[in-house]
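Down below is the structure, laid out as structure tokens.
Protein chains in written order, with our numbering: chain P, 506 to 823; chain F, 175 to 457.
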């Protein structure tokens, strides 16, 4: 188990390195001229002399490989450069916004798991009956509604009409939950629907497996069969999908944050992208990727715990 | 679902394809007819007719610039779904090309291409799309490029997997023994096996990509106003959300309906074209 986790962990640095190269190359391939954007955001008139100065200042006059290696050396020390707009170091600024986003996405993930698992199991237990139809209907709708639109509908219902929940901002103390619930609900509906549907199908499939038939023949109660033999095995594809959901939830948080004035990475990144603040864009992409990769490491470990073949299978499985 | 699915599959006819198929066709027709079907010019500003309620001339009312909402929704179908169609074409072409080369040639080429895919798959899809907009800039063409580049690696992986599986079939071996070159083998013997699951997958992704296009535009990073696009419409309407919530409701409803139709169509197509996927993923 430890070895499995170690192998997975060792794969992360080369993956992030690959992403950093991709990000660096794509930003240089893009249409914008960083020097021009730098001057625009610094409100310096873009004369030829100023442009040349900016190029030297930003290191754009050197070969691309040298630029990348230089950037990498500093990035490894936590220095992702200064924002063109705020003139402050990018990484600390970004990390200041990150907890709010993680709180939102994490809550959404918790709701996803807490609701989708019982819902999927309930549907599977009543296959073909109204409970099953209801869950499948919810799932079909859930994957079709845009998260930012749901956010508006939630605000219209719970803030405007009923006046139960605050329409924006992040609360403290007792207000934490009331502020969190609407944005988290808006972004989790998609993953929740996919998961419920997946668990239902997976439970129906596992329910016909030989070891389950055998367990029933041994005279185990239906509840025990479901819990011990069906549910646990049926969880495997759901766990795999959860790794993907983390990416969707993070993406959803970035969008929905702008609606709820949630003080997270989303609004910071969107304005950076709009302004073409390259150091921020670069750092944002890498930090979000790192979060995503680490969450997937956790998912992989959960997966290995559920599926002993992976844990004991050694290298080829890893 | 499995049993009823197989029973339906045994019976000729459209079966579960009928309803979502009809809805998708209706949406596509509206998209293609576009300007002909719209009662007004979607860009015509009339400041004397701002925020008009539903009426016979304006079935869904008018927006903050007095533009006809129904006409903008119909024109928006063209932008949103057109962008998705273009992105999807790019994704399928890239995925098919890279996946075929990797799968057919194998060895070092395969290893290099798959590591490239891994890099693209390491970044969460929407974050990658946002980043690419940051690199390329906003606007319709850049949105299409960003959506395509953030999705192609999935397709390359899947195509490669299918190619590797199909390569072991006897008829492909026979063609190879007969001396056919890899490109010929791929086009004549492997492609027929790759296309059906790929079509099902692409149909299922239409809705997903439409949500991304609308999401980017909603953030102000995608299609730019005054172009009628569903995400843009929600973005423009949000300033008036507190007093005119319906302006937000309509475009969202349009997105939801289109995504729903294509998702259902994709599900039905997958059940029809690719029974193995149903068994594997059990969806």
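Beta carbons: idealized from backbone N, C-alpha and C, even for Gly.
Query, Result
"Residue 441 (chain F) versus residue 195 (chain F) - alpha carbon distance", "11 Å"
"Residues near residue 625 (chain P) by beta carbon distance below 6 Å, same chain, minus five either side", "701, 704 and 705"
"Contacts of residue 810 (chain P) in chain F (Cβ-Cβ under 8 Å)", "By Cβ distance, chain F contributes nothing, its closest Cβ being about 22 Å from residue 810 (chain P), past 8 Å."
"Amino acids of chain F, ordered along the chain, whose beta-carbon sits closer than 8 Å to that of residue 627 (chain P)", "Chain F residues near residue 627 (chain P): none, gap ~16 Å exceeds 8 Å."
"Residue 344 (chain F) (DSSP reduced to helix, strand or coil)", "helix"
"Per-residue DSSP class, three states only, for residue 236 (chain F)", "strand"
"Residue 434 (chain F): CB within 8 Å of a non-hydrogen atom of the ligand SAH", "The ligand SAH is absent from the structure shown, which contains no ligand whatsoever."
"Residue(s) in a DSSP beta bridge with residue 587 (chain P)", "P:594"
"Residue from F:213, F:341 and F:312 with nearest C-alpha to residue 390 (chain F)", "F:312"
"Enclosing alpha helix (DSSP H) for residue 806 (chain P) [first to last residue]", "783-811"
"C-alpha distance - residue 686 (chain P) paired with residue 530 (chain P), whole-angstrom precision", "39 Å"
"According to DSSP, residues forming a beta bridge with residue 242 (chain F)", "F:236"
"Beta carbon of residue 751 (chain P) nearer than 9 Å to that of residue 707 (chain P)", "no"
"Spatially closest choice to residue 791 (chain P) from P:526, P:508 and P:723, by CA coordinates", "P:526"
"Rounded C-alpha distance that separates residue 201 (chain F) from residue 216 (chain F)", "18 Å"
"C-alpha distance - residue 787 (chain P) paired with residue 549 (chain P), whole-angstrom precision", "23 Å"
"Residue from F:213, F:227, F:197 and F:218 whose Cα sits closest to the Cα of residue 418 (chain F)", "F:227"
"As assigned by DSSP and simplified to three states, the class of residue 717 (chain P)", "helix"
"Residue from P:568, P:655, P:670 and P:669 whose Cα sits closest to the Cα of residue 692 (chain P)", "P:655"
"Proximal residues, the stretch 762-785 of chain P versus chain F, C-beta separation under 8 Å", "763, 764, 774, 775, 777, 778, 779, 781 and 783"
"Chain P contact for residue 416 (chain F) (CB, 9 Å cutoff)", "yes"
"Residues near residue 806 (chain P) by beta carbon distance below 7 Å, same chain, minus five either side", "510"
"Listed by chain order, chain P residues near residue 307 (chain F) by CB distance under 7 Å", "778"
"Supposed contact pair residue 307 (chain F) and residue 261 (chain F) - C-beta distance, whole angstroms, cut 8 Å", "No, residue 261 (chain F) and residue 307 (chain F) are not in contact; Cβ-Cβ is about 13 Å, not under 8 Å."
"C-beta neighbour in chain F for residue 568 (chain P), strict 9 Å", "no"
"Coarse secondary structure for residue 726 (chain P), derived from DSSP in three states", "coil"
"Cα-Cα separation, residue 333 (chain F) to residue 351 (chain F)", "23 Å"
"Beta carbon of residue 276 (chain F) nearer than 9 Å to that of residue 283 (chain F)", "yes"
"Beta-carbon gap between residue 246 (chain F) and residue 291 (chain F) smaller than 9 Å", "no"
"Spatial distance of residue 327 (chain F) from residue 652 (chain P) (CA atoms)", "24 Å"
"Simplified DSSP assignment, three categories, for residue 406 (chain F)", "helix"
"C-beta neighbour in chain P for residue 292 (chain F), strict 9 Å", "yes"
"Start-end ranges of the alpha helix (DSSP H) lying completely within the stretch 596-680 of chain P, minimum 4 residues", "635-647 and 652-659"
"Residue-chain proximity (residue 652 (chain P), chain F), Cβ-Cβ < 9 Å", "yes"
"Residues near residue 637 (chain P) in its chain [Cβ-Cβ closer than 7 Å; skip 5 each side]", "628 and 631"
"Residue 385 (chain F): contacting residues in chain P (beta-carbon distance under 7 Å)", "651"
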